[in-house]
Amino acid sequence: MTYIRDLLAAGPTVSFEFFPPKTDEAERQLEKAIRELEPLNPSFVSVTYGAGGSTRERTRDIVLGIEAETPLTAMAHLTCMGHTRTEVVSLLEEYQQGDVQNILALAGDPPADGAAPTGDFTYALELVELVREVGSFSVGVAAHPEGHPRSPDSATDRRHLAIKLTAADFGVTQFFFRADDHLRMVDELATLGCNTPVIPGIMPVTNLRQIKRFAELSGAAFPPELAARFEALGDDASAVRALGVEVATELCQQLLDEGVPGLHFYTLNRSTATREIATNLGLASS
Ligand code: FAD
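Quick note on the working numbering: the sequence shown kicks off at 315 and runs consecutively.
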């Protein structure tokens, strides 16, 4: 039994996030990334769940495969919006039978076409409660250092987040670029009486246009001073990558110095940047 709540107690943890590939070539890329990251001995790896359950079977198969065929501990992302209670329970039972002990319980997003969400759930907290009912899982939830884009204001965001984190075992954040945004969120949660560990999410910049688009979608600010440093490099892709690794290393070091419980890397199914950052931080032997 490997529960992330126990790994965090002995932390800091190092974890990697993957997404389910859509093509055979992308699948080979994911297998390569997992193989190359495995020697870093991550505390756990996680696999995302497509909006509205669009990758339900693929996410499940990858998570079960990681648990069964590798020495790695897997965490399954699971969103509840647009799902019935019965659907969620049956997936959780499959995870339980496959020895998957860690679930990241998420609300997910309403349909992109503006239609009203269907299903039995509205908020992630309802899923946390159901996961606890179904089995003995370690349950994580999402946190947004700069506030969730659907939150009307920061105080409301923190209030709902504190309640959700108190019901869970740990949080994992959306990516961000300023350590202060994370540290401020942790302080605000402590003021509300919530001291659940929250693992910062790190997205190394390897492609400026892509990262700006992700930041826009997730509500994370891409600081103008950072954008200027990248823009000064023009089209030099390898210089952009090198600066991305340098900037992410600095951010991780600052966060570790502040005593964060772990680091969670958004790998985008590639291993190189994450391996370089881990090596710079002395977290990797290779
Ligand atoms: P919630 O915690 O439910 O919050 C959503 C909004 O509702 C917030 O504004 C919150 O303040 C508000 N709220 C909460 N409770 C209440 C209440 N009782 N009354 C009124 N308002 C309330 N998406 C995917 O589709 N697949 C993934 O695999 C995935 N992985 C993710 C991993 C991480 C680490 C993170 C940070 C996000 C991930 N997401 C994923 C995105 C996530 O699904 C979206 O951000 C989604 O819009 C909200 O999910 P949540 O779990 O934060 O929702």
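The beta carbon of each residue, even a glycine, is placed where N, CA and C say it ideally should be.
1) In or out: Pro466 buried (at least 16 other Cβ within 10 Å) or exposed?
2) Who pairs with Tyr363 in a beta bridge, going by DSSP?
3) Quick one: what does DSSP say Asn416 is sitting in, helix, strand or coil?
4) By Cβ distance below 7 Å, which residues in the same chain neighbour Leu557 in space, the five residues on each side in sequence not counted?
5) Could you please give me the residues that DSSP links to Met389 through a beta bridge?
6) Determine the contact status of Val361 and Val377, defining contact as a CB-CB distance below 9 Å.
7) Rounded to the nearest angstrom, what separates Thr432 and Leu595 at their Cα positions?
8) How far does the beta strand (DSSP E) with Pro514 in it extend, from its first residue to its last?
9) Whole angstroms is fine: what's the gap from Gly412's alpha carbon to Pro385's?
10) Compute the Euclidean distance between the alpha carbons of Ser329 and Ser357, then round it to the nearest angstrom.
11) Going by DSSP, what residue range makes up the alpha helix (DSSP H) through Leu577?
Quick answer:
1) Burial check for Pro466: the Cβ neighbour count within 10 Å stays below 16, so the residue is exposed.
2) Bridge partners of Tyr363: none, in fact.
3) Here DSSP, grouped into helix, strand and coil, assigns Asn416 to strand.
4) Closer than 7 Å at the Cβ level, and outside the excluded window around Leu557, lie Arg543, Phe544, Leu547.
5) Beta-bridge annotation (DSSP): Met389 is paired with Ser360, Asn416.
6) Cβ atoms of Val361 and Val377: closer than 9 Å.
7) Near 45 Å, if we compare the C-alpha coordinates of Leu595 and Thr432.
8) Following the DSSP letters along the chain, one finds Pro514 inside the beta strand (DSSP E) bounded by residues 512-516.
9) If you draw a straight line from the Cα of Gly412 to the Cα of Pro385, it is about 14 Å long.
10) Cα to Cα, the separation comes out at about 6 Å.
11) Annotation for Leu577: no alpha helix (DSSP H) segment contains it, though the beta strand (DSSP E) segment containing it runs 576-580.
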